[in-house]
Amino acid sequence: HAGGLHGLTRALEMARFERVAVTACDMPNLNLAYWQWLLGSQPADIIIPENPEGFLEPLAAVYTKTCLEAVKAALEAGNLKMTGWWYKTSLRLVRVPWLEVRERFGEAIFLNANTPTDLRD
Numbered sequence: 109h110a111g112g113l114h115g116l117t118r119a120l121e122m123a124r125f126e127r128v129a130v131t132a133c134d135m136p137n138l139n140l141a142y143w144q145w146l147l148g149s150q151p152a153d154i155i156i157p158e159n160p161e162g163f164l165e166p167l168a169a170v171y172t173k174t175c176l177e178a179v180k181a182a183l184e185a186g187n188l189k190m191t192g193w194w195y196k197t198s199l200r201l202v203r204v205p206w207l208e209v210r211e212r213f214g215e216a217i218f219l220n221a222n223t224p225t226d227l228r229d
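The structure is reproduced here in C-alpha cells:
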C-alpha cells in the first residue's frame, strides 16, 4: 500500500458524492465549520489550503472524483507523495492562502496532535 495517496484512491473510489473531504486522523481542529467553508469555496477539482510555512496541506483538503484517474496514474508511476501528482493534469486546483485560513480559524487549525501533550499545548 502507498500511504496517503492509496487512501485517497480508496476514498475517491468509494465516495457516494462528487467531493471528498480528506484529513489525517491527528488533526483534531478541522471542525465542521472548516469543512463547510472549504466545500463552499471556489469550484475546483482540488481545494487545498496552505499552512503557515506556505506549503500545501493535502490532508486538510477537498478532492473531486475527477481526480481519481490522475491519482491512480501517480501511484502506477511510483509517486507516493500526496502533493505534486496534479501538476501534469488538467485538474483545476484552488490554493487557499494561509492568511485567509488563519483569519477564519486561528493559528492552530492545522495542529498535528500525536500525544495528549500536543493537545494540551
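Taking this note's numbering as reference, the numbering of the sequence shown is continuous, increasing by one, and the terminal residue is 229. Glycine included, C-beta positions come from ideal geometry on N, C-alpha and C. Predicted model, so just to flag it, every value in this text is computed and none were measured.
The segment 127 to 134 in contact with the segment 192 to 211 per 3-pair CB rule at 8 Å: no
Residues that ILE156 bridges to, as DSSP identifies them: ARG203
Backbone secondary structure at ALA216 - three-state DSSP: coil
Whole-angstrom distance between GLU158 and GLU264, CA atom to CA atom: As shown, the chain starts at 109 and ends at 229. That puts residue 264 outside it, with no answer to give.
Contact belief for LEU188 with GLY111 at Cβ below 8 Å, rounded distance in angstroms: 6 Å
PRO166 classed as buried or exposed, judged by whether at least 16 other C-beta atoms fall within 10 angstroms: buried
The segment 213 to 227 contacting the segment 136 to 146, beta-carbon criterion three pairs below 8 Å: yes
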